[in-house]
Amino acid sequence: GQNIDQPTEMTATEGAIVQINCTYQTSGFNGLFWYQQHAGEAPTFLSYNVLDGLEEKGRFSSFLSRSKGYSYLLLKELQMKDSASYLCAVRVPSGQNFVFGPGTRLSVLP
Amino acid sequence: DSGVTQTPKHLITATGQRVTLRCSPRSGDLSVYWYQQSLDQGLQFLIQYYNGEERAKGNILERFSAQQFPDLHSELNLSSLELGDSALYFCASSARTTNEKLFFGSGTQLSVL
Chain P
1 GQNIDQPTEM
11 TATEGAIVQI
21 NCTYQTSGFN
31 GLFWYQQHAG
41 EAPTFLSYNV
51 LDGLEEKGRF
61 SSFLSRSKGY
71 SYLLLKELQM
81 KDSASYLCAV
91 RVPSGQNFVF
101 GPGTRLSVLP
Chain L
1001 DSGVTQTPKH
1011 LITATGQRVT
1021 LRCSPRSGDL
1031 SVYWYQQSLD
1041 QGLQFLIQYY
1051 NGEERAKGNI
1061 LERFSAQQFP
1071 DLHSELNLSS
1081 LELGDSALYF
1091 CASSARTTNE
1101 KLFFGSGTQL
1111 SVL
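Chain order of the listed sequences is P and L.
Just so we're aligned, residue 1 is where the first sequence starts under this note's numbering, counting upward by one.
Just so we're aligned, residue 1001 is where the second sequence starts under this note's numbering, counting upward by one.
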């Protein structure tokens, strides 16, 4: 079976740093993806990890530990526009399919 | 613009009816995925096609069916619609290689009244 867990909601203050965790148990692993989704809009790609370690991309960083089935997305210097849902997804070997977590709704307050 | 085109953007219909959602993948992408997202829910995988063939199936109801045509566009058919089928339906495409991400269309908002 496939299972991905994320916190349902998080709140942070403008200018702060927030870490969104994701744990996964999947049948195989071909990479972990983070997507951002504003309400009513399509998800957009943020980051990709396939090897253990940290990937940095501007204000966003993502970390992966395959042995622990764990990833996090780190958002720095939060802005109001970062208020959105953040989706963790694992690509599995079966059909190169993507399994999505439930998403974490982040609210950035002034 | 992701390059993935979905039509229509909005669809309002009645219970018991049948609708067809259409998706054109990004140029060069052979894989098409369909996802359902209900209010405050995560993305639920429905079905995946690769170059015209079904590759993976998720929790897709028997009332739902899909296909991918030779020109690689895909259609998702929803029949005997129920109120609970109201959701945002996304199509996404990707290249075959393992490190290629999904590109999502803007979605079709289906309202069943």
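Even for Gly, the Cβ is constructed at its ideal location relative to N, Cα and C.
Exercise. Would you say residue 1048(L) reaches chain P, if we count a Cβ-Cβ gap shorter than 8 Å as a contact?
Worked result: yes
Problem set entry | Helix, strand or coil at residue 1057(L) [DSSP, three-state] | strand
Exercise. Going along the region 62-88 of chain P in order, which residues come within less than 8 Å of chain L, judged by CB to CB distance?
Worked result: 87
For this session: Give the residues of chain P in contact with residue 1028(L), contact being defined as C-beta atoms less than 9 Å apart.
Result: Going along chain P, no residue has its Cβ under 9 Å from residue 1028(L), so there is no contact; the nearest lies around 16 Å.
Problem set entry | Contact set between residue 102(P) and chain L, taken where Cβ atoms lie within less than 7 Å | 1042
Problem set entry | residue 7(P) at chain L interface by Cβ criterion, 8 Å | no
Problem set entry | Endpoints, beta strand (DSSP E) assigned at residue 62(P) | 60-65
Exercise. Using the beta-carbon count (16 or more within 10 Å), is residue 93(P) buried or exposed?
Worked result: exposed
For this session: Please check the pair residue 1051(L) and residue 1030(L), which I expect to be a contact at CB under 8 Å, by giving their CB distance rounded to whole angstroms.
Result: 4 Å
Exercise. Residue 12(P) versus chain L: which residues are under 9 Å apart at the beta carbon?
Worked result: Result: empty, since nearest Cβ-Cβ is about 20 Å, beyond 9 Å.
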